[in-house]
Amino acid sequence: MSRSTKRNLKAPFHNLSSRLQVERLEDRSLPSCNTISGYVYYDMNNNGLFDPGETPIANSSIELRNANNIVVGSTFTDANGFYEFDHDATLSATNETLTRTVTFSETQTNFTLQGALEKFDPSLGELQSIEIRHSGAITSEIQVENYSNISASNISGTVAGNLTLTGPGLNNVLNISGYAGSFQASIFDGITDFAGTSGASLGQKTATGLNTITLTGAAMNSYIGAGTVTLTESGIATSSAAGGGNVDVRIRSTGQSTITVIYHYIKPPCLAPGNYKIIQTQQPPSYFDGRESRNGTVIPNTIGTDFINVSLTNVDLVNNNFGELKETTLSGNVWHDANNNGIRELNEDPIAGALLTLLGPGGTRTTTTDAAGYYEFTRLDPGTYSLREAQPAGFLDGKDNAGTKGGTVVNAGTLGALGIGDPTVDQIRDITLQAGDNSQNNDFGEIRPASIAGHVYYDANDNGVFEPGETPLAGVKVTLTGFNDLGPVSLTMNTNAAGAYKFSNLRPGTYALAETQPTSYLDGKDTIGTPGGITGNDLFSNINLVAGFDGVNNDFGEIKGDTPGAPLPKTVLPWGTLPVISKVQVTAIPVPTAIDPTLRAQMSFVVATHMTLTRVQLSAAQTLAAVKQLNAGMTQRAYVAKVMTSNAYYAAQAGNIYKAVFRRPPTVRERAQTVAALKAGASEMTIKENLFTSAAYLNRYPTPTALATALARDILNRIPGTVATQNLLQSMSNQPLNDVVRELLMSDDALANQIDNVYRLALRRAATPAEVQTWTAPIRSGAVTTEGLAQRLLASAEFYQLAFNKVR
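Position in the sequence shown counted from 1, then plus 187, gives you this note's numbering.
1) Could you tell me whether the stretch 537-555 touches the stretch 571-578, using the rule of 3 or more Cβ pairs below 8 Å?
2) Per DSSP, what kind of secondary structure is A413 in: helix, strand or coil?
3) For A347 and T425, which I take to be in contact (beta-carbon distance under 8 Å), what is that distance rounded to the nearest angstrom?
4) With C-beta atoms as the reference, is I449 less than 9 Å away from E318?
5) Helix, strand or coil for Q330? Go by DSSP, reduced to three states.
6) Report the three-state DSSP secondary structure of S322 (helix, strand or coil).
7) What distance in whole Å lies between the Cβ atoms of G422 and G442, which are believed to be in contact at a cut-off of 8 Å?
8) Since I believe G550 is in contact with L512 (beta carbons under 8 Å), could you give me their beta-carbon distance rounded to a whole number of angstroms?
9) According to the Cβ coordinates, are P766 and T810 closer than 9 Å?
10) Just verifying my parser: in three-state terms, what is the DSSP assignment at S167?
11) For S881, count neighbouring C-beta atoms within 10 Å of its own C-beta (all shown protein chains included) and say buried if the count is 16 or more, exposed if not.
12) Among N940, Y987, A541, which residue has its Cα nearest to the Cα of L786?
13) Please confirm whether F564 and T516 have their CB atoms less than 9 Å apart.
14) Please state whether DSSP places D435 in a helix, a strand or coil.
15) Please say whether Q330 and F381 have beta carbons closer to each other than 9 Å?
16) Determine the DSSP secondary structure at P1070, reduced to helix, strand or coil.
17) E420 to S364, Cα distance in whole Å?
18) Checking the sheet assignment: what are the DSSP bridge partners for L709?
19) Less than 8 Å separating the Cβ of G975 from some heavy atom of the ligand FAD?
20) To the nearest angstrom, how far is the alpha carbon of L938 from that of S677?
21) Considering only the alpha carbon of each residue, which of Q816, D646, P705 lies closest to Y888?
22) Apart from the five residues on each side of it in sequence, which residues of its chain come closer than 8 Å, Cβ to Cβ, to Y836?
23) Can you tell me where the alpha helix (DSSP H) holding Q913 begins and where it ends?
24) Can you tell me whether G366 is buried or exposed, with buried defined as 16 or more other CB within 10 angstroms of its CB?
25) Taking the straight line between their C-alpha atoms, what separation do you get for Q922 and N886?
26) Let's see if you can read the secondary structure: which residues bound the beta strand (DSSP E) around P548?
27) For L533, count neighbouring C-beta atoms within 10 Å of its own C-beta (all shown protein chains included) and say buried if the count is 16 or more, exposed if not.
28) Between the Cα of V747 and the Cα atoms of A685, L709, A795, which residue gives the shortest distance?
29) What does E996 pair with, by DSSP beta-bridge criteria?
30) Can you list, in chain order, the residues of its chain with a C-beta nearer than 7 Å to that of F291? Leave out the 5 residues immediately preceding and following it.
31) Alpha helix (DSSP H) containing N925: first to last residue?
32) Once you ignore the five residues that flank N731 on each side, which residues in its own chain have a CB closer than 6 Å to its CB?
33) Where G386 and H321 are concerned, what is the direct C-alpha to C-alpha distance, given to the nearest angstrom?
34) Quick test of your reading: I244 and P471, contact by CB under 8 Å. State the CB separation rounded to the nearest angstrom.
35) Go to P675, then tell me how far its alpha helix (DSSP H) extends in each direction, as first and last residue.
36) Is there a Cβ from chain B that is less than 9 Å from the Cβ of E702?
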């Protein structure tokens with residue numbers, strides 16, 4: 188709204204001018220209130236700076252205190268997390284005015300002029316009203332001349348006009364009128380010069396006026412803000428002169444005005460320059476304190492302080508920011524993983540008191556599990572962490588699990604097969620946490636250690652049971668091998684004085700136990716205990732050991748080894764007997780009579796050959812069938828060769844070999860293996876060499892001396908003397924045993940013994956020295972085998988004659 192008043196004043200004339208002036212009557216640099224402001228925000232990356240994309244926090248309570256610790260302002264952050272202080276709440280507002288003028292300089296009428304009025308700066312305070320003083324003047328010079336020739340005239344003048352001011356909310360007309368003076372003119376003096384007696388100039392006379400307009404409310408809106416408002420002034424002069432008779436009037440007029448604008452406002456109590464403290468009075472819910480910053484610079488050591496010190500001058504203090512962090516936590520459990528499946532199950536026990544160490548931003552922190560096996564690290568800074576567990580006493584490392592925010596599991600157990608491991612590597616690495624993350628279920632499973640135990644003992648009665656009174660064997664090496672859940676395992680230990688061994692702190696896995704045969708003993712019966720497995724020769728394998736199980740009674744029994752005795756006596760085989768032949772069988776033989784000496788000789792040869800080579804007495808039918816082959820043209824040597832390819836011959840030869848080496852008949856399996864080797868072309872020499880160097884033979888004679896004595900006895904057919912034994916022991920220490928045995932088998936004494944054995948087998952007599960000498964070289968060179976020599980002897984006339992004489 189507007190309100191105006193009018194006042195007319197008289198004033199002297201001024202010099203005419205057309206200049207327009209805009210003048211400010213008060214200091215243009217009147218200061219506004221300086222502010223202290225900032226933000227409260229969620230510092231997602233915890234760098235102490237309000238970065239783009241980070242979340243503002245509304246409704247956070249902020250307080251401002253002056254140097255005397257007096258609260259001068261309090262507020263809450265808005266939806267943008269912003270707060271601002273611009274005045275001192277302990278001070279009162281004051282009524283102030285600000286004056287601006289617009290001057291329209293003296294201008295010849297009529298005119299229309301424009302001027303710019305500076306708007307009110309709202310930062311100065313709250314505008315209450317605008318007082319506009321519209322003052323102006325009309326100046327006129329009035330000249331008069333009385334043209335009457337008859338009568339004089341009293342002439343008077345009037346200065347008059349109006350000034351119209353327009354602008355936003357304005358249309359004010361200032362009417363001006365004033366007395367310009369008078370002149371008593373004579374009759375026309377004949378000269379029109381506005382002088383003399385009939386004419387005159389009343390002079391420059393000025394009339395003034397003043398209107399006052401008041402704007403309030405919405406009418407002020409156009410005058411508030413930055414920039415200017417355009418005001419327009421229009422001037423019209425209506426000055427005049429009058430008198431009796433004929434009067435000539437000449438008038439020259441100008442107008443001018445001054446617009447005085449007074450802004451009436453309430454000035455707020457601005458913050459005075461000085462030191463202040465900005466305080467965040469309460470932590471926003473669901474957040475904990477982060478870093479504070481001042482104008483883009485992080486303030487050191489501000490976590491937990493929640494205040495910012497500032498110093499206010501004539502510059503606004505911005506970006507005094509409070510960073511907040513969401514609760515970032517890492518938690519998990521330590522438990523006894525009884526079934527070692529890596530899953531924390533309801534029936535599995537927690538482990539209390541386990542030490543956990545967390546390494547990452549902010550340094551190193553430790554905690555222990557509670558009674559429920561639970562641990563938690565709270566108020567963590569964002570970043571990457573490593574979580575380590577110290578191995579709980581009485582447990583081995585089990586399966587560990589990274590939690591809900593991921594990570595890399597590094598299990599313990601890298602220091603060896605015992606699986607004890609190094610606590611510094613039993614960890615979950617590379618756990619990356621953002622602000623507000625809650626990494627749960629970072630769990631460490633633990634298992635109970637297992638063990639496996641047993642004994643090594645002298646099993647006096649060889650029954651495979653470690654019984655009271657039987658002697659334990661100390662110092663025997665036992666080896667544990669296999670694979671646990673972390674990889675391969677290989678451990679060794681020696682039995683103690685009680686013959687006992689025990690492998691402890693074992694992880695679940697599949698194992699094998701092997702015993703190194705103790706000296707002076709032969710392998711006895713081995714008895715597997717718990718948890719079971721497969722029993723082999725000095726070996727328990729496929730032992731499936733679960734976590735926490737203690738296996739016992741895996742016992743290795745030993746027996747005493749043989750002492751080499753005297754050589755076996757050389758026996759003479761029986762010749763066999765002629766079978767009873769029926770008349771029908773005799774007539775089947777195409778010979779002159781059944782009592783033909785040739786027939787009996789052939790029958791005797793067949794019976795003796797089979798008895799010698801196979802230890803089998805032929806039946807009558809078998810005998811006559813063989814005789815029929817001889818009558819058909821088969822030679823005696825060919826017949827011997829045929830018998831020497833029979834299964835019965837190979838079985839008998841296997842028996843001879845095992846008797847010579849082991850002094851016992853072969854088992855069914857051993858006989859079958861030897862027969863197969865003979866059929867495949869292996870010589871008796873080769874088979875004996877393999878048997879003399881076999882584990883079965885070596886276990887029978889566990890000491891070097893016993894072995895040397897046994898080899899000499901069984902190969903050379905004699906007990907060696909001291910010198911011979913020492914020589915043989917020296918050879919055994921310098922050469923592989925196979926080479927030693929091969930040399931013995933090919934020695935003169937051994938070959939002589941073998942040749943003698945063949946003669947005794949075939950001809951039932953010892954070989955003469957000449958015969959031994961004849962066959963030694965061919966047999967050594969391989970030109971003749973002992974089998975070949977036997978074939979020759981059995982096909983000889985001597986054998987044929989002996990058979991005729993001995994077989995009855």
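Ideal placement from N, C-alpha and C gives every residue a C-beta, glycine not left out.
Judging by the given coordinates:
1) The stretch 537-555 is in contact with the stretch 571-578.
2) In the structure shown, the three-state DSSP call for A413 is coil.
3) Distance from A347 to T425 at the Cβ level is roughly 4 Å; contact confirmed, criterion being Cβ atoms closer than 8 Å.
4) Here I449 is near E318, since their CB atoms are less than 9 Å apart.
5) Strand at Q330.
6) Strand, per DSSP.
7) In this structure G442 is in contact with G422, their Cβ atoms being roughly 3 Å apart against a cut-off of 8 Å.
8) The C-beta distance from L512 to G550 rounds to 17 Å, too long to fall under 8 Å, and the pair is not in contact.
9) Contact: yes.
10) The requested residue 167 is not part of the displayed model; the chain covers only 188 to 995.
11) With fewer than 16 other CB atoms across the displayed protein chains lying within 10 angstroms of its CB, S881 is exposed.
12) It is Y987 whose Cα lies nearest to the Cα of L786.
13) Yes. Within cutoff.
14) DSSP places D435 in strand when its eight states are reduced to three.
15) Cβ atoms of F381 and Q330: closer than 9 Å.
16) Here the chain has residues from 188 to 995 only, and residue 1070 is not among them.
17) Taking C-alpha positions only, E420 is separated from S364 by approximately 18 Å.
18) DSSP lists I746 as partners of L709.
19) The ligand FAD is not part of the structure shown, which contains no ligands of any sort.
20) Computed Cα separation, rounded: 47 Å.
21) Per the Cα distances, P705.
22) Hits under 8 Å: L800, T801, V830.
23) Going by DSSP, Q913 is part of the alpha helix (DSSP H) stretching over 909-921.
24) In the sequence on display, residue 366 carries Tyr and not Gly. By the 10 Å Cβ count, Y366 comes out exposed.
25) A straight line joining the alpha-carbon of Q922 with that of N886 spans about 19 Å.
26) Note, P548: premise wrong, no beta strand (DSSP E); not H, not E.
27) Exposed: under 16 other Cβ atoms inside 10 Å.
28) According to the sequence shown, residue 747 is Lys rather than Val. For the residues A685, L709, A795, the minimum Cα distance to K747 belongs to L709.
29) The chain is shown from 188 up to 995; residue 996 falls before or after that span and cannot be answered.
30) Around F291, the same chain offers L207, L300, G302, E420, Q443, S444 as residues with beta carbons nearer than 7 Å, after the five sequence neighbours per side are excluded.
31) Per DSSP, N925 belongs to the alpha helix (DSSP H) from 924-932.
32) Within the same chain, T697 come within 6 Å of N731 by CB-CB distance, once the 5 residues on both sides are set aside.
33) For G386 and H321, the distance between alpha carbons rounds to 37 Å.
34) At roughly 5 Å, the Cβ-Cβ gap stays under 8 Å, so I244 and P471 are in contact.
35) In the DSSP assignment, P675 falls outside any alpha helix (DSSP H) and lies within the beta strand (DSSP E) extending over 674-681.
36) The structure shown contains no chain B; it holds only a single protein chain.
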